[in-house]
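J.: If you're matching positions, the sequence shown starts at 105 in my numbering and goes up one per residue.
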Amino acid sequence: MLSNKSSWVFLGLIVSIANATVPGAASTNEINEPQKKKTYNGGALYPQTTNTRDLRILDGIWNFRKSPMDPEYGYRNGWYEQDLEKTGPVIPMPVPASYNDIGEDAALRDHVGLVWYDRRFHVPPWWAKTEQRIWLRFCSVHYAAQVWINGKPAIHHEIGHLPFEVEITDFINTNKSNLLTVVVDNVLLSDTMPQGTVKDIVVNNFRVKQEQSYTFDFFNYAGIHRSVFLYSTPQIYIDDVVVNTDIQGLTGFVVYNVTYKGSLSDIQCLIELFDKSGSQVSASHDCAGLLEIGNAQFWWPYLMHTDPGYLYTLQVSLIGPDGEVLDTYGQKVGIRTITWSNTTIYINDKPLYLRGFGMHEDSDLRGKGWDPVLWVKNFNLIKWVGANAFRTSHYPYAEEIYQLADEHGIMIIDECPGVDTDIFTDALLEKHKQSLTELIRRDKNHPSVIMWSISNEPRSNNLKADAYFQKVAKHVKSMDLSRPVTIAISQVYFIDRAGQHLDVICFNRYNGWYANTGSLANIATYVEEEAIAWHRKHNKPVIMTEYGADTISGLHLIPEYVWSEEYQVALMSEHFKAFDRLRQRGFFSGEFIWNFADFKTAQTITRVGGNKKGIFTRSRQPKASAHHLRARYLALAAADTGAPAPAIQYYISDNKPALHEEL
Numbered sequence: 105m106l107s108n109k110s111s112w113v114f115l116g117l118i119v120s121i122a123n124a125t126v127p128g129a130a131s132t133n134e135i136n137e138p139q140k141k142k143t144y145n146g147g148a149l150y151p152q153t154t155n156t157r158d159l160r161i162l163d164g165i166w167n168f169r170k171s172p173m174d175p176e177y178g179y180r181n182g183w184y185e186q187d188l189e190k191t192g193p194v195i196p197m198p199v200p201a202s203y204n205d206i207g208e209d210a211a212l213r214d215h216v217g218l219v220w221y222d223r224r225f226h227v228p229p230w231w232a233k234t235e236q237r238i239w240l241r242f243c244s245v246h247y248a249a250q251v252w253i254n255g256k257p258a259i260h261h262e263i264g265h266l267p268f269e270v271e272i273t274d275f276i277n278t279n280k281s282n283l284l285t286v287v288v289d290n291v292l293l294s295d296t297m298p299q300g301t302v303k304d305i306v307v308n309n310f311r312v313k314q315e316q317s318y319t320f321d322f323f324n325y326a327g328i329h330r331s332v333f334l335y336s337t338p339q340i341y342i343d344d345v346v347v348n349t350d351i352q353g354l355t356g357f358v359v360y361n362v363t364y365k366g367s368l369s370d371i372q373c374l375i376e377l378f379d380k381s382g383s384q385v386s387a388s389h390d391c392a393g394l395l396e397i398g399n400a401q402f403w404w405p406y407l408m409h410t411d412p413g414y415l416y417t418l419q420v421s422l423i424g425p426d427g428e429v430l431d432t433y434g435q436k437v438g439i440r441t442i443t444w445s446n447t448t449i450y451i452n453d454k455p456l457y458l459r460g461f462g463m464h465e466d467s468d469l470r471g472k473g474w475d476p477v478l479w480v481k482n483f484n485l486i487k488w489v490g491a492n493a494f495r496t497s498h499y500p501y502a503e504e505i506y507q508l509a510d511e512h513g514i515m516i517i518d519e520c521p522g523v524d525t526d527i528f529t530d531a532l533l534e535k536h537k538q539s540l541t542e543l544i545r546r547d548k549n550h551p552s553v554i555m556w557s558i559s560n561e562p563r564s565n566n567l568k569a570d571a572y573f574q575k576v577a578k579h580v581k582s583m584d585l586s587r588p589v590t591i592a593i594s595q596v597y598f599i600d601r602a603g604q605h606l607d608v609i610c611f612n613r614y615n616g617w618y619a620n621t622g623s624l625a626n627i628a629t630y631v632e633e634e635a636i637a638w639h640r641k642h643n644k645p646v647i648m649t650e651y652g653a654d655t656i657s658g659l660h661l662i663p664e665y666v667w668s669e670e671y672q673v674a675l676m677s678e679h680f681k682a683f684d685r686l687r688q689r690g691f692f693s694g695e696f697i698w699n700f701a702d703f704k705t706a707q708t709i710t711r712v713g714g715n716k717k718g719i720f721t722r723s724r725q726p727k728a729s730a731h732h733l734r735a736r737y738l739a740l741a742a743a744d745t746g747a748p749a750p751a752i753q754y755y756i757s758d759n760k761p762a763l764h765e766e767l
């Protein structure tokens, strides 16, 4: 096992992270070049209301219209300078949501190119009266966005699934409504994250539409996918809070670094750590330092402790020269350590076995739009099954999901949007690193995040993959050494050129489905042999991050047959045999079934209404496989951590013989 680094070493690391220079966002495909403005590169604190900050949410019904085939038309005609409804027909569009499934026509669902959104908003008068800074934050727009405030270019951002924000104090009207306009581009090219290609459909020498294609197996939903926040901060404000934690015996340590911005010097910090009951357990007046908590409550995963997901609150206050409180911010903290050896991943010095899922942000109507109802249900089902982890396949999820994971004690393999990476260019490398910079900046403080995944199923047999992923992995480690780095690899071990740069080997394989379709024989042997081969090659912990079979809910066939619920259960059982044998070898660290729930894909004859590998339907109803997996995951939790064994859900029998008496 690797020993934990000392807290003071972590302090130096955290300070270096907080002060690191972050590259600006790169340019995007069709969005008008002169309108671009560099993305703000400060901290990525999730907006909140405090005694010094205020927050307004701009979610709701916005105006929406597609761009004509000429992408410059809206720019030339000044659509961003006036209400969109004055430029032509608009339709109402919910935010947050993907726009693709809101209409009734295939043209909107399959639209490729630019779309325009706008709405008006007011700024609370007291923000101006108290000279507050005013900020606009988009939690996710896919794929690229350009934003205007009252006709002035405010910010540009590329790479969906990640937040971006800008100070708009100088843009807004304080005594009347303000116009917010957003143009969104969903085009994926060879230098986007993820990659794609676009084909022009030409009729009589006139381009009538564009068709997008991509190799990844989920629908390229687009739009304003997550909440839009309007918030205020004081002139001198907390820009970022970075925390890391350590444990020694029963003592917990919180290593922190606070950065702030503003013109005033002679600023002090008041740092207070509160437990769940609201009692202060530690404090400091330094803006960077170490808090010691005796008899600390550690952050444990679900079913590994009677009180999983324990969170403290780090209350940060900036104090001015006269003792006045300038700004405050509350940061949740889970005290835990993640370490790893060549065979094992440890949490709080305890060996860790991951029982998980691959997932998608996907639901009917909303597409990839943030949906709190859906995700509360998802976490209830994750816990019902007995899972303790999931991978954010294949992109960063909404920030609120990580907050829920922190609270529930569900661990996350946090994945960037590098899926099916194929053409390894310098331009793509910079985008790849930028996506990870923004991901780590956003998610660095979440105790639920235990691993960084820098790609899913890249073409890592490519000769260029070696140097490419060496640079990507090095970039991640320059920002965070406290978590292992991985890739979900689909290439076989003897041609892969990325594994040597990773800390944990994750592999995806579909024995009995894409390979040897319909054959259950030898699945267990194939899985076991491949996992052993990966470990022998790299001498690192191994996780199987994808396996499974498409299943039509309600299709029952005996003997088992592909697409039936019986076949999915039988295929899972063969994998379970391999996993149990691998668990006895000491290097196998987890199993992740693909997928948690059915999800939408591009249209193809190999997909019946989308990918049906979920153990739940798209509406989150269980297939037979959900009950089968639940029995396994709860049994594993009982074996590994002493968690209560699952009770029989439905009464079957008391197993007593029938009594017969002579009358």
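Virtual Cβ for every residue (Gly too), placed ideally from N, Cα, C. Since this is a predicted model, take the numbers as computed values, not measurements.
Straight-line CA distance for S110 to T349?
T.: Residue placement at S110 is flagged as unreliable, the pLDDT there being 33, under the threshold of 50; the coordinate-derived value follows with that caveat. Looking at the two C-alpha atoms, the distance is approximately 10 Å.
J.: Please report how far the alpha carbon of R685 lies from the alpha carbon of A326, in whole angstroms.
T.: One C-alpha to the other measures close to 43 Å.
J.: Starting from M555, trace the beta strand (DSSP E) both ways and give me its first and last residue.
T.: From DSSP, the beta strand (DSSP E) with M555 extends over V553 to N560.
J.: Does DSSP classify M105 as helix, strand or coil?
T.: Residue confidence for M105 is low, a pLDDT of 32 falling below 50, so the modelled location carries little weight and cannot support an answer.
J.: Can you tell which of D289, L240, N290 and H260 has its C-alpha closest to the C-alpha of D274?
T.: D274 has its Cα closest to that of L240, out of D289, L240, N290 and H260.
J.: Looking at N612: is its Cβ nearer than 8 Å to the Cβ of A592?
T.: In this structure, A592 lies closer than 8 Å to N612 by Cβ.
J.: Specify the secondary structure class of H764 as computed by DSSP and reduced to three states.
T.: H764 falls in the coil class under three-state DSSP.
J.: Within 8 Å (strictly less), CB to CB, does G714 reach chain C?
T.: The chain labelled as chain C is not found in the depicted structure, where only one protein chain is given.
J.: How is S623 classed by DSSP in three states: helix, strand or coil?
T.: In this structure, S623 counts as coil in the three-state DSSP scheme.
J.: Leaving out five residues on either side along the sequence, give the residues of the same chain with a beta carbon under 8 Å from the beta carbon of A232.
T.: Around A232: T278.
J.: Would DSSP call P476 helix, strand or coil?
T.: Note: P476 maps to helix in three-state DSSP.
J.: How would you call R640, buried or exposed, if buried means at least 16 neighbouring beta carbons within 10 angstroms?
T.: The residue is exposed, with fewer than 16 neighbouring Cβ atoms inside 10 Å.
J.: Within 10 Å of its beta-carbon, does K380 have 16 or more other beta-carbons around it, so buried, or fewer, so exposed?
T.: Exposed: under 16 other Cβ atoms inside 10 Å.
J.: When DSSP labels each residue in this structure, what does F483 get in the three-state scheme?
T.: Helix.
J.: Give me the DSSP bridge partner(s) of T285.
T.: D222 and W252, per the DSSP bridge assignment.
J.: Whose C-alpha, out of A635, P588, T191 and G207, is nearest the C-alpha of F598?
T.: Of A635, P588, T191 and G207, the residue nearest in Cα terms is A635.
J.: To the nearest angstrom, how far is the alpha carbon of L508 from that of W617?
T.: Going from the Cα of L508 to the Cα of W617 covers about 33 Å.
J.: Using 8 Å as the cut-off, can you tell me whether the segment 543-559 makes contact with the segment 515-526, which would need three or more C-beta pairs spanning the two stretches below that distance?
T.: In short, these stretches touch, since the Cβ pair count reaches three.
J.: Using the rule of at least 16 other Cβ atoms within 10 Å of the residue's Cβ for burial, across every protein chain shown, is A124 buried or exposed?
T.: Low local confidence applies: a pLDDT of 35 at A124 is under 50, so the model's placement there is unreliable, and no value is given.
J.: Could you pull the DSSP bridge partners for Y444 from this structure?
T.: The residue you asked about is not Tyr; residue 444 is Trp in the sequence shown. Looking at the DSSP assignment, W444 forms a beta bridge with I449.
J.: Let me check understanding here. Comparing Cα to Cα, which of L422, L458 and L283 lies closest to P257?
T.: Nearest of L422, L458 and L283 to P257, Cα basis: L283.
J.: Output the distance between the C-alpha atoms of Q352 and P645, rounded to the nearest integer angstrom.
T.: Roughly 25 Å separates the two Cα atoms.
J.: Since I believe Y671 is in contact with A653 (beta carbons under 8 Å), could you give me their beta-carbon distance rounded to a whole number of angstroms?
T.: The pair is a contact, with the Cβ atoms about 6 Å apart (cut-off 8 Å).
J.: Compare the C-alpha of L86 against each of N204, V489 and V219 and name the closest.
T.: Nothing about residue 86 can be reported from this structure: the residues present for the chain run from 105 to 767 only.
J.: Using the three-state DSSP reduction, which class does M463 fall into: helix, strand or coil?
T.: Reduced to three states, the DSSP call for M463 is coil.
J.: Taking the alpha-carbon positions, what's the F696 to G603 distance?
T.: Their Cα atoms are separated by approximately 19 Å.
J.: Mind checking who M648 pairs with in its DSSP beta bridge?
T.: M648 is bridged to F611 and E695.
J.: Can you find the residues in the same chain that come closer than 7 Å, C-beta to C-beta, to G490, ignoring five residues on each side of it along the sequence?
T.: Answer for G490: L407, R459, R734, Y737, L738 and A741, listed in chain order.
J.: Does Y177 pass the burial test, meaning 16 or more other C-beta atoms within 10 Å, or should it be called exposed?
T.: Exposed.
J.: Taking one C-beta from the segment 420-432 and one from the segment 394-402 each time, how about it: are there three or more such pairs within less than 8 Å?
T.: Cβ pair count under 8 Å is below three, so no.
J.: With H, G and I counted as helix, E and B as strand and the rest as coil, what does DSSP make of Y770?
T.: Residue numbering for the chain in the displayed model covers 105 to 767; residue 770 lies beyond these limits and cannot be assessed.
J.: Quick test of your reading: K717 and W698, contact by CB under 8 Å. State the CB separation rounded to the nearest angstrom.
T.: Sure, about 5 Å apart at Cβ, within 8 Å.
J.: Please classify P229: does DSSP put it in a helix, a strand, or coil?
T.: Residue state, collapsed to three classes: helix.
J.: Considering only residues of the same chain and omitting the five flanking positions on each side of P99, which have a CB-CB separation below 6 Å?
T.: What is shown of the chain runs 105 to 767, which leaves residue 99 out entirely.
J.: Among residues of its own chain, excluding the 5 on either side of D370, which ones have a beta-carbon nearer than 6 Å to its beta-carbon?
T.: Excluding residues within five positions, the ones whose Cβ falls inside 6 Å are P425.
J.: Under DSSP, the alpha helix (DSSP H) around I165 begins and ends at which residues?
T.: Element bounds for I165: not the alpha helix (DSSP H) but the beta strand (DSSP E), G164 to K170.
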